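Novice:
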Amino acid sequence: GQQVMQIPQYQHVQEGEDFTTYCNSSTTLSNIQWYKQRPGGHPVFLIQLVKSGEVKKQKRLTFQFGEAKKNSSLHITATQTTDVGTYFCAVPPMNYGGSQGNLIFGKGTKLSVKP
Amino acid sequence: NAGVTQTPKFQVLKTGQSMTLQCAQDMNHEYMSWYRQDPGMGLRLIHYSVGAGITDQGEVPNGYNVSRSTTEDFPLRLLSAAPSQTSVYFCASSYSGTGGYGYTFGSGTRLTVV
Chain A
1 GQQVMQIPQY QHVQEGEDFT TYCNSSTTLS NIQWYKQRPG GHPVFLIQLV
51 KSGEVKKQKR LTFQFGEAKK NSSLHITATQ TTDVGTYFCA VPPMNYGGSQ
101 GNLIFGKGTK LSVKP
Chain B
116 NAGVTQTPKF QVLKTGQSMT LQCAQDMNHE YMSWYRQDPG MGLRLIHYSV
166 GAGITDQGEV PNGYNVSRST TEDFPLRLLS AAPSQTSVYF CASSYSGTGG
216 YGYTFGSGTR LTVV
């Protein structure tokens, strides 16, 4: 079935350092979504990328969709303790035909930030 | 708006017992899904629905049943609980359009099967 590889699995940074997580697919993606889950919480939708090479920013977060639409990255500039959590990418299945009723999630990157 | 409401928040079952995890959303979303989350495994799709009366299996459907009689409700039934079903269960819903709408998740049900 459809799988997406997310790396790294864990990342420990000092507050103020940058952080990047990557999501890779063996197949071309129609779109990709990113979510954040705080410890003990539930996933929260951050953004969706659709276009090849698309770059979107949300304050210190930068999201990028690869030119071939097979990979994506989330970069956080100058991490803060509020950034702690697990970041997931999510993609539609291979037979995507307009329905995103069954998103497939990566295993996530768990970010810890040392003050 | 309440968003996605899951009940109960915590549950302990004995092996072999059955139960229903409730999920309700008040956003008129067509799409609803159930995921389970286990350490190191991310979120795995159990069942999903693209509208009332339509359901389909996800990656790990065995041992679970769903139905979608209304747009608002999408209950998940555990037929005969097993320790392997100890997990955190999340219900999520989404608008079906293509405008970049993500899933809204409920706060989860933490299930322990002993």
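Chain order of the listed sequences is A and B.
Mapping to the working numbering: the first sequence position 32 is 32, numbers consecutive.
Mapping to the working numbering: the second sequence position 27 is 142, numbers consecutive.
Idealized CB from N, CA, C, for every residue including glycine.
Here the structure is a predicted model, which means the values were calculated and not measured.
Between which two residues does the beta strand (DSSP E) containing V228/B stretch?
Specialist: T224 to V228
Novice: Since I believe N31/A is in contact with N71/A (beta carbons under 8 Å), could you give me their beta-carbon distance rounded to a whole number of angstroms?
Specialist: Not confirmed; about 13 Å, so no contact.
Novice: Pull out every residue of the region 154 to 169 of chain B whose Cβ sits closer than 8 Å to any Cβ of chain A, in chain order.
Specialist: G155, M156, G157, L158, R159, L160, Y163, S164 and V165
Novice: Could you check whether the region 50 to 58 of chain A touches the region 135 to 150 of chain B, counting it as contact only if at least three pairs of C-beta atoms, one from each stretch, sit closer than 8 Å?
Specialist: Flag = no, the region 50 to 58 of chain A and the region 135 to 150 of chain B do not touch.
Novice: Candidates V228/B, Y216/B, T227/B and R225/B: which alpha carbon is nearest V120/A's?
Specialist: No information on residue 120/A is available, as it lies outside the stretch 1 to 115 that chain A covers here.
Novice: So, does the CB of S148/B fall closer than 8 Å to a CB anywhere in chain A?
Specialist: The C-beta of S148/B comes closer than 8 Å to at least one C-beta of chain A.
Novice: Who are the Cβ neighbours of P115/A in its own chain at under 8 Å, not counting the five residues just before and after it?
Specialist: E15 and T81
Novice: Beta-carbon within less than 6 Å of A139/B's beta-carbon, same chain only, minus the 5 sequence neighbours each way: which residues are those?
Specialist: T120, E187 and D188
Novice: Report the rounded CA-to-CA distance for D171/B versus A78/A, giving the unit in angstroms.
Specialist: About 42 Å.
Novice: In chain A, what lies closer than 8 Å to F205/B by C-beta?
Specialist: H42 and P43
Novice: For F65/A, count the other beta carbons within 10 Å of its own beta carbon; 16 or more makes it buried, fewer makes it exposed. Which is it?
Specialist: buried
Novice: Under the rule that 16 or more other beta-carbon atoms within 10 Å means buried, what is G98/A, buried or exposed?
Specialist: Low confidence applies here, because G98/A scores a pLDDT of 45, under 50, leaving its location unreliable and the question unanswered by this model.
Novice: Tell me, please, whether the CB atom of G106/A is closer than 8 Å to any CB atom in chain B?
Specialist: Yes, G106/A lies at the interface with chain B (some Cβ there is under 8 Å from its Cβ).
Novice: Once DSSP output is grouped into helix, strand and coil, what is the label at S202/B?
Specialist: Note: S202/B maps to strand in three-state DSSP.
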